[in-house]
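For what it's worth, the working numbering labels the leading residue of the sequence shown as -8, then goes sequentially.
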Amino acid sequence: FMYPIAQVRKRAMLIYPLLSLMNDQAGRFRKAGLRHVILRGGLDKAERERRLRMIRDDESTSVITNVETLLAMHGRGELAMFSGTIELAVIDEAHTAVTWGETFREAYTRLPELLDEIRPRMTLAFTATVDKEILEGIIRYIFSGERPYVIQASADRENIFYHSVR
């Protein structure tokens, strides 16, 4: 099931580790009036093809997905439709590539290969859970060992308060 690449416009791809996060983002996009498509596992062939057609026909500005879906698309030859058409790839909860990637979510170890095929102009990885080991893993699993520009701040945020009540 292939689409001519020239017909696909440039867009953002958001990669989440959990369906609940994908659905939350889709809800935010819906409220903001942003056209998007969710690609996830469990879709039957007709629904998957309908959603891919929506992307091809320029009915979305964003694709919300997970790494396992990208890997399955790669195996079916469908991932090529995104080659050079993704301006921005965003990996949310990027620490899961390290903490889950080697055991629970092995597809994360293939993320650099998938991103190489998609060829986004820019890749961003976000996490609130990072130490030196996790950061090095993110660099390895997401950025193929190439050191990205890193913005890091304290997890101590003034707008969050902890207290206990007896």
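The C-beta atom is built at its ideal place from N, Cα and C for all residues, glycine as well.
ask   = Which residues mark the beginning and the end of the beta strand (DSSP E) in which residue 27 is found?
value = Taking the sequence shown and counting its residues from 1, one reaches residue 27 at position 36. Unbroken beta strand (DSSP E) run through residue 27: 27 to 29.
query = Using a Cβ-Cβ cut-off of 8 angstroms (strictly less than) and excluding sequence neighbours within five positions of residue 10, which residues of its own chain qualify?
reply = Translated into the one-based positions of the sequence shown, residue 10 becomes position 19. Here the set comprises 31, 57.
query = Considering only residues of the stretch 38 to 119, which uninterrupted alpha helix (DSSP H) runs meet the minimum length of 4 residues and lie entirely inside it, listed in chain order?
reply = 58 to 67, 87 to 90, 102 to 109
task = Look up residue 4 in the DSSP assignment and give the residues it is bridged to.
result = On the sequence shown, position 13 is the one that residue 4 refers to. For residue 4, which the question treats as bridged, DSSP gives the partners 54, 80.
key: Under the three-state DSSP convention, the category residue -6 falls into   = As a working mapping, residue -6 is identified with position 3 in the sequence shown. A caution first: residue -6 carries a pLDDT of 38, below 50, which makes its placement in the model too unreliable to give a value.
ask   = Can you give the Cα-Cα distance for residue 2 and residue 154, rounded to whole angstroms?
value = Taking the first residue of the sequence shown as 1, we reach residue 2 at position 11. Taking the first residue of the sequence shown as 1, we reach residue 154 at position 163. Straight-line Cα distance between these residues: approximately 43 angstroms.
Buried/exposed call for residue 140, threshold 16 Cβ in 10 Å = Counted from its first residue, the sequence shown places residue 140 at position 149. Its Cβ having fewer than 16 others within 10 Å, residue 140 is exposed.
message = Pairs of beta-carbons, one from the stretch 75 to 84 and one from the stretch 19 to 35, closer than 8 angstroms: are there three or more?
response = no
message = Which same chain residues end up closer than 6 angstroms to residue 4 when comparing Cβ atoms and leaving out the 5 residues on each side of it in sequence?
response = For the purposes of this step, residue 4 is taken as residue 13 along the sequence shown, with counting starting at 1. Leaving aside the five residues that flank residue 4 on each side, the residues in its chain whose CB is nearer than 6 angstroms to its CB run, in chain order, 54, 77, 80.
key: Candidates 27, 98, 146, of which the one nearest residue 52 by Cα   = Taking the first residue of the sequence shown as position 1, residue 52 is located at position 61. Nearest of 27, 98, 146 to residue 52, Cα basis: 27.
query = Would you call residue -3 buried or exposed, if buried means 16 or more other Cβ atoms sit within 10 Å of its Cβ?
reply = Residue numbering aside, residue -3 sits at position 6 when the sequence shown is read from its first letter. Its pLDDT being 42, under 50, residue -3 is placed unreliably by the model, and the measurement read from it follows with that caveat. Classification for residue -3: exposed.
request  = For residue -7, count neighbouring C-beta atoms within 10 Å of its own C-beta (all shown protein chains included) and say buried if the count is 16 or more, exposed if not.
outcome  = Your numbering for residue -7 matches position 2 in the sequence shown. Because the pLDDT at residue -7 is just 39, under 50, the model does not fix this residue reliably, and the point stays unresolved.
request  = May I ask whether a heavy atom of the ligand NAP can be found less than 8 angstroms away from the beta carbon of residue 43?
outcome  = This structure lacks the ligand NAP; in fact it carries no ligand of any kind.
query = Quick one: is residue 82 buried, meaning 16 or more other Cβ sit within 10 Å of its Cβ, or exposed?
reply = Position 91 of the sequence shown, counting from 1, holds the residue named residue 82. Classification of residue 82: buried, given that the 10 Å Cβ count is 16 or more.
task = Could you have a look at residue 127 and say whether DSSP puts it in helix, strand or coil?
result = The count along the sequence shown starts at 1 and reaches residue 127 at position 136. Three-state DSSP puts residue 127 in a helix.
message = Among 89, 110, 93, 112, whose alpha-carbon lies nearest the alpha-carbon of residue 128?
response = Indexing the sequence shown from 1 puts residue 128 at position 137. With distances taken between Cα atoms, residue 128 lies closest to 89.
query = How should residue 39 be labelled, buried or exposed, when 16 other C-beta atoms within 10 angstroms of its C-beta is the threshold for buried?
reply = One-based indexing of the sequence shown puts residue 39 at position 48. With 16 or more other Cβ atoms within 10 Å, it is buried.
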